[in-house]
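A.B. asks: Residues in the sequence shown are numbered from 1289 upward in steps of one, following our numbering.
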Amino acid sequence: MAESRLNMNLNQKHLTKPDCNEIPAVTIPELKTLSKPHVDSFNYILQGGLGSAIEDIPPVEFSTPNGEKISIKLTDATIAKPMVPSGTARVSTNFVYPSECRQRKTTYKGRLTVRLSWSKNGKFQDIVERNLGEIPVMLMSECCNLSKLSPSELIKHGEDAKEIGGYFVINGIEKMLRMLIVPRRNYNMILHYLTNGTCKLMFFYQKEMFFVPILLILKALCSVCDYNIYTDLIAGRENDSFFKGSIKSMLRAIQGENILNQNDACNYMGEKFRIKLNLPEWYTNSEVMEFLLREAVCIHLDTNKAKYDLLIFMTRKLFTLVQRECMEESADNPINQELLQGGCLYLLVLKDKLTTWLNGVKNILLKKNKIRGAVYTVKQADILFARSWQIDGIFLATGNLVSRAGLGMLQNTGLSIGMDKINYLRFLSHYQSIHRGAVFADMRTTAVRKLRPEAWGFICPVHTPDGAPCGLLNHLTTECKVVSTHSCTSHYPRLFGKFGLFGLSHPSAAPYSDCYPVLLNGEVLGWIEDKHAERFCEELRKFKVCNEENISPYLEIVLVPKTKRASLYPGIFLFTTTARMMRPVKNLRYKKTEFIGTFEQIYLDICVKIEEAYEGYTTHQEIKQSHIMSLLANLVPFSNYNQSPRNMYQCQMAKQSMGTPSHSLRFKPDTKVYRLMTPQSPLVRPEIYDRYEMDDYATGTNAIVAIISYTGYDMEDAMVINKASIDRGFARGTIYKSEFIDLTQMDKCFFGRKLGVPNNISDKIDGDGLPHVGVYLENGDPFYSYIDDDNKEAKIIYYRASEAAHVDSVRLIGSDSGSEPAQKAHITFRIKRMPDVGDKFANRHGQKGVCSMRYPTEDLPFTESGMVPDIIFNPHGFPSRMTVGMLIETMAGKSAATHGIIHDATPFNFSEEDTAIDYFGECLKYAGFNYYGNERMYSGITGEELEADIFFGVIYYQRLRHMVADKYQVRSTGTIDQVTHQPIKGRKRGGGIRFGEMERDSLIAHGTSYLLQDRLFHCSDGSVEYICTKCGSLLSPLMEIPKLDDTVHWKCKSCNTKDYIGKIAIPFVFKYLCCELAAINIKVVLETKF
1289 MAESRLNMNL NQKHLTKPDC NEIPAVTIPE LKTLSKPHVD SFNYILQGGL GSAIEDIPPV
1349 EFSTPNGEKI SIKLTDATIA KPMVPSGTAR VSTNFVYPSE CRQRKTTYKG RLTVRLSWSK
1409 NGKFQDIVER NLGEIPVMLM SECCNLSKLS PSELIKHGED AKEIGGYFVI NGIEKMLRML
1469 IVPRRNYNMI LHYLTNGTCK LMFFYQKEMF FVPILLILKA LCSVCDYNIY TDLIAGREND
1529 SFFKGSIKSM LRAIQGENIL NQNDACNYMG EKFRIKLNLP EWYTNSEVME FLLREAVCIH
1589 LDTNKAKYDL LIFMTRKLFT LVQRECMEES ADNPINQELL QGGCLYLLVL KDKLTTWLNG
1649 VKNILLKKNK IRGAVYTVKQ ADILFARSWQ IDGIFLATGN LVSRAGLGML QNTGLSIGMD
1709 KINYLRFLSH YQSIHRGAVF ADMRTTAVRK LRPEAWGFIC PVHTPDGAPC GLLNHLTTEC
1769 KVVSTHSCTS HYPRLFGKFG LFGLSHPSAA PYSDCYPVLL NGEVLGWIED KHAERFCEEL
1829 RKFKVCNEEN ISPYLEIVLV PKTKRASLYP GIFLFTTTAR MMRPVKNLRY KKTEFIGTFE
1889 QIYLDICVKI EEAYEGYTTH QEIKQSHIMS LLANLVPFSN YNQSPRNMYQ CQMAKQSMGT
1949 PSHSLRFKPD TKVYRLMTPQ SPLVRPEIYD RYEMDDYATG TNAIVAIISY TGYDMEDAMV
2009 INKASIDRGF ARGTIYKSEF IDLTQMDKCF FGRKLGVPNN ISDKIDGDGL PHVGVYLENG
2069 DPFYSYIDDD NKEAKIIYYR ASEAAHVDSV RLIGSDSGSE PAQKAHITFR IKRMPDVGDK
2129 FANRHGQKGV CSMRYPTEDL PFTESGMVPD IIFNPHGFPS RMTVGMLIET MAGKSAATHG
2189 IIHDATPFNF SEEDTAIDYF GECLKYAGFN YYGNERMYSG ITGEELEADI FFGVIYYQRL
2249 RHMVADKYQV RSTGTIDQVT HQPIKGRKRG GGIRFGEMER DSLIAHGTSY LLQDRLFHCS
2309 DGSVEYICTK CGSLLSPLME IPKLDDTVHW KCKSCNTKDY IGKIAIPFVF KYLCCELAAI
2369 NIKVVLETKF
């Protein structure tokens, strides 16, 4: 056997060594990396982000009837760690932990305190501290009580040893703010070109869109004359007569409004925008315009001069595009995108809520002014108790954003998702998921869903769902990092000056047309000559890779070159902002790892293997070929041998398989949890499986599979499963369901049970009124009991679920204060689920199917050595699906089981010269098996040898959560709709399944027409109705009111006779249709023959 291929790091010793049950000292760093973008973005709020947001909130200012000018401003805000309310009785610690909130169905939250400074007539008065209630806190953030705990301490507090946080607990449910794909900040400004050759700037304020002539904004920003604006705009385009003519035209239009200087522009704009900005009446027009420029125009820049320079640059870029000298930049291209992290979105919402609260304080004080009149004087107590409104967690609970300002978001729904733990893989996939936005789901275009080449290495090409969210919900690759570190850039301009950069205020050493503009985070720093541009970028890259000159390792260096054909607008663009996607590659010149961004990547030459590099041209190399895929996609064994859609299906089915969702299930009362009772470690697995220690949360079982068409029960993706394997525990599962009982809605009702009850009740219900732990409940059994304190009567509630269950745990939940009787309970049920006919299974190659029969082991085929397969798989499932990886895994699994080793299934390990088939074939041959994995088999029914050799081996199979016990729907008769008299829909309501046109055709084709009548008539809305055979109307026969001792008669009101009334059997919905048509003056006449 070829030992060189063995990966000795892959083994199962960690499952058998003596210390395998010991708790690790620290959490593995790979898992922490997944939650890092979420946790770091929330920590930014605590480390200064909230303070910066407070500074950006403008003060509220107003005047009172007595002439006082009041100004109130937020100065600071703090978020405390979650603590129990003061005065709570009988607590062991004042800290609140997430496990308690999950079990009590409450929110894990900390107290938000703000400080306000207020002044009267420009004189500072005092600082007021206000408590605004409690807001949700992210797990594992700096203000979380778990953040400093070791794995062993996490277990003591009801958490997994590998808890990584990054989400919230809202009303006992784990919620995460998903990362959204948004336009790259500080790069794309919105300018509009009009057909008359002019240009306008578009900006938003309070959900309103405004268009303002660009030259009017330029004049308001700086005190410059028209000539300076003209020369600044044409810099580098001195020979462009069209551009020069357009600028002159715009300048004449501004002069036509008699706007000659900065003061004129500010007065003109301030007068127009005053009504929209809702500022105090004593603000001058210039102050109104200053407020607008600060809050709505290029808000990432601090000075008006920097805003002026950027708008000059953007105007030149716009006219270059108009003249088709550069390409249009697509908002769907990853180079123009970044991610809006959960913590940043949370900060935006929090800032908006604080702004709303501050305006509410102002409105309360103005209302008091109006009521009390001129004698009223604002006092500190009025501010202290002005508004008691609290910030709550509705936004996180529902994912719906309600904001007056809009926050610049294209969507206001679906911003939070539930962290459902069907299994651990589904839980981890939420951390890597990125969404374009729910607003794009309804767009009739595919451009937004396309996978573009620029996404290589950043967005997984495989891990996206099929169906409506396809291409909108994507996942980051395993090595893609979301920048969460804020870098200091104050020394960058001085450093850049050493390599040829000259500022905007310095004279140019060369014509501007022979220079590149240099921008850092959307701020124009200056120009650099074309001949120095490459050296400039190379020196920066050296500092970045070698960690010199205090240059950030996450600096994105983009040199867009000048080309003969229209391409992206040339320039040197540098980015150090957060929320950008970056990934590691190997820098061939410095032999070190370098992080590159999406915009930077397209101008680098990166080879996959060193043999593909071109000397003097190739600059970087991929670290590993599998780095282009996400965590779940990398867990697919030999994925490079499969058809791409099959890998996509496996990424979805891996998140639906039963496994070990958590090691602290007794502390996590989720509504529904799936658990595989007999998980196994896969014999064939990628290297990343061990790196993330997935054996702790295994999701499948190694099954012996025979690829054979046997008995006919394996057609159309059906699977035959060995009944003896199921008896031994193969794929056995358990479902945990929880029910929350709340007696607080009923006045003076408490859990309890009367004494002296019959044994059938006392065997089920304990003396406290709650069920015994471990008791078996069936439909109709006593469930729990409570006592009404008013009449002292006990009421027993019975178990109404259709599926019997064991009571796994019972929790009695008290009040927040701890001084009131417990009126809430949380009961968890345990339901056993053995594999049944109709249950869904799948391997790791997207080959899914349902169990068609549990076949007796004595009737199944067997090998010469006596091996009987666990699963029979039909060979017709291979040609169309092209899952060659499944065939390779079958051979590798057989070899691994024989030699007692683990085979590495990492994709791209083999090549066309060194094939996987040859390697594993030699392994099998070394063990004494057939080179191709075939074996002679014998019929279990007749004992005869099968004519053909059978492909036989070991495959890792997953049991999916789709089980027939949860989906089967049977109905004969039952509840009907009151209008149409047809069966209602819904499995839980005892409804029926829609029997459509195609189902009808199937029954007719099979010659079962009476069954068709039974389904669509007798068991549906069949009825006997009266009809007038003379006029053919179903609606005109009416029953006459019978007289004393008279029989009931029906009479046609149209014909005024009783002689032609007859009965016909029709679906009731047909009569309903006749009524609807009659309502719009359409008469239905039926021809009848009796």
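Ideal Cβ placement from N, Cα and C applies to all residues, glycine included.
Along the chain, where does the beta strand (DSSP E) containing Glu1742 start, and where does it finish?
C.D. replies: Looking at the DSSP string, Glu1742 is not in any beta strand (DSSP E), and its letter there is neither H nor E.
A.B. asks: Would you kindly check if the distance between the Cβ of Asn1838 and the Cβ of His1779 is under 9 Å?
C.D. replies: For His1779 and Asn1838, yes; Cβs fall inside 9 Å.
A.B. asks: Does the segment 1722–1732 touch the segment 1662–1673, meaning 3 or more C-beta pairs lie closer than 8 Å?
C.D. replies: Taking 8 Å as the limit for Cβ pairs, the verdict is that the segment 1722–1732 does not touch the segment 1662–1673.
A.B. asks: Is Leu1255 helix, strand or coil when you go by DSSP?
C.D. replies: Residue 1255 is absent from the structure shown; the chain starts at 1289 and stops at 2378.
A.B. asks: Quick one: give me the first and last residue of the beta strand (DSSP E) that Glu1422 is part of.
C.D. replies: Taken as a continuous stretch (DSSP letters only), the beta strand (DSSP E) holding Glu1422 covers Lys1411 to Pro1424.
A.B. asks: Ile2053 lies in the beta strand (DSSP E); which residues open and close that run?
C.D. replies: No beta strand (DSSP E) contains Ile2053, which DSSP labels as neither H nor E.
A.B. asks: Quick one: grab the DSSP three-state call for Gln1625.
C.D. replies: Here Gln1625 sits in strand by DSSP.
A.B. asks: Out of curiosity, what's the CA-to-CA distance linking Ile2084 and Pro1957?
C.D. replies: Ile2084 and Pro1957: Cα-Cα distance of roughly 24 Å.
A.B. asks: When the distance is taken between beta carbons, is Val1812 closer than 9 Å to Phe1792?
C.D. replies: At residue 1792 the sequence reads Leu, which differs from the Phe that was named. Yes; because the gap between Cβ atoms is below 9 Å, this pair is in contact.
A.B. asks: Using the C-alpha atoms, what's the distance from Ile1884 back to Gln1611?
C.D. replies: Near 32 Å, if we compare the C-alpha coordinates of Ile1884 and Gln1611.
A.B. asks: Can you list, in chain order, the stretches of the alpha helix (DSSP H) that have 4 or more residues and sit fully within the segment 1343–1422?
C.D. replies: As far as the segment 1343–1422 is concerned, its whole alpha helix (DSSP H) runs of at least 4 residues are 1386–1392.
A.B. asks: Sort Thr2022, Leu2043 and Tyr2074 by Cα distance to Gln2033 and report the nearest one.
C.D. replies: Checked all of Thr2022, Leu2043 and Tyr2074; the closest Cα to Gln2033 is Tyr2074.
A.B. asks: Mind checking which residues open and close the beta strand (DSSP E) that includes Leu1808?
C.D. replies: Per DSSP, Leu1808 belongs to the beta strand (DSSP E) from Cys1803 to Leu1808.
A.B. asks: Just reading off the beta strand (DSSP E) that Ile1469 is part of, what are its end residues?
C.D. replies: From DSSP, the beta strand (DSSP E) with Ile1469 extends over Met1467 to Pro1471.
A.B. asks: Looking at Tyr1634 and the ligand GTP, is the gap between the Cβ and the nearest heavy atom below 8 Å?
C.D. replies: Ligands are entirely absent from the displayed structure, and the ligand GTP is therefore not among its contents.
A.B. asks: Contact check, Ile1367 vs Leu1404 under 8 Å by CB: the rounded distance?
C.D. replies: Rounded, the Cβ-Cβ distance is 17 Å, inconsistent with contact.
A.B. asks: With contact counted as at least three CB pairs below 8 Å, one residue from each stretch, are the segment 2169–2188 and the segment 2246–2263 in contact?
C.D. replies: Segments in contact, no.
A.B. asks: Quickly, what does DSSP pair Lys1463 with across the bridge? List them, please.
C.D. replies: In DSSP, Lys1463 forms a bridge with Phe1456 and Gly1706.
A.B. asks: According to DSSP, simplified to helix, strand and coil, what is Ile2368?
C.D. replies: Coil, per DSSP.
A.B. asks: Pull the bridge partners of Ala2130 from the DSSP assignment, please.
C.D. replies: Paired residue(s): Lys2136 and Gln2246.
A.B. asks: Could you round the C-beta distance between Ala2324 and Ser2311 to whole angstroms and report it? I think they count as a contact, below 8 Å.
C.D. replies: First, the amino acid is wrong: residue 2324 is Ser here, not Ala. About 17 Å separates the two Cβ atoms, so there is no contact after all.
A.B. asks: Compare the beta carbon distance of Gly2106 and Thr1376 with 9 Å and say whether it is the shorter of the two.
C.D. replies: For Gly2106 and Thr1376, yes; Cβs fall inside 9 Å.
A.B. asks: The beta strand (DSSP E) that contains Ser1721, what's its start and end?
C.D. replies: Residues Ser1721 to His1723.
A.B. asks: Leaving aside the five residues before and after Phe1530 along the sequence, list all residues of the same chain whose C-beta is less than 7 Å from its C-beta, in chain order.
C.D. replies: Excluding positions up to five away in sequence, the list reads Gln1611.
A.B. asks: Are the beta-carbon atoms belonging to Ala2089 and Leu2100 less than 9 Å from one another?
C.D. replies: No; because the gap between Cβ atoms is not below 9 Å, this pair is not in contact.
A.B. asks: Would you give the residue range spanned by the alpha helix (DSSP H) that Asp1670 belongs to?
C.D. replies: Its alpha helix (DSSP H) spans residues Gln1668 to Leu1672.
A.B. asks: How would you call Trp1861, buried or exposed, if buried means at least 16 neighbouring beta carbons within 10 angstroms?
C.D. replies: Reading off the sequence, residue 1861 comes out as Phe, not Trp. Under this definition Phe1861 is a buried residue.
A.B. asks: Identify which residue in Leu1319, Ile1995, Tyr2143 and Gly1524 has its Cα closest to the Cα of His2164.
C.D. replies: Closest option to His2164, Cα to Cα, is Ile1995.
A.B. asks: Closer than 7 Å by C-beta to Leu1713: which residues in its own chain qualify, once you throw out the five before and the five after it? Chain order, please.
C.D. replies: Answer for Leu1713: Leu1920, Ala1942, Lys1943 and Thr1987, listed in chain order.
A.B. asks: Any idea which residues DSSP pairs Leu1862 with across the strands?
C.D. replies: According to DSSP, which records beta bridges pairwise, Leu1862 is partnered with Leu1808 and Ile1845.
A.B. asks: What are the boundary residues of the alpha helix (DSSP H) that includes Cys1939?
C.D. replies: Per DSSP, Cys1939 belongs to the alpha helix (DSSP H) from Ser1932 to Ala1942.
A.B. asks: For Trp2392, count neighbouring C-beta atoms within 10 Å of its own C-beta (all shown protein chains included) and say buried if the count is 16 or more, exposed if not.
C.D. replies: Given a span of 1289 to 2378 for the chain in the structure shown, any question on residue 2392 remains unanswerable.
A.B. asks: Can you give the beta carbon distance from Phe1456 to Leu1695, rounded, assuming they're within the 8 Å contact cut?
C.D. replies: The Cβ separation is near 19 Å, so there is no contact.
A.B. asks: Using the beta-carbon count (16 or more within 10 Å), is Met1577 buried or exposed?
C.D. replies: Looking at its Cβ environment, which holds 16 or more other Cβ atoms inside 10 Å, Met1577 is buried.
A.B. asks: Decide if the segment 1424–1433 is in contact with the segment 1336–1352; the criterion is three or more beta carbon pairs, one per stretch, under 8 Å apart.
C.D. replies: As far as the Cβ criterion goes, the segment 1424–1433 does not touch the segment 1336–1352, which means the pair count is below three.
A.B. asks: Can you list, in chain order, the residues of its chain whose CB lies under 6 Å from that of Ser2183, leaving out five sequence neighbours each side?
C.D. replies: If we look at Ser2183 and ignore the five residues flanking it on each side, its Cβ neighbours are Phe2208, Cys2211 and Leu2212.
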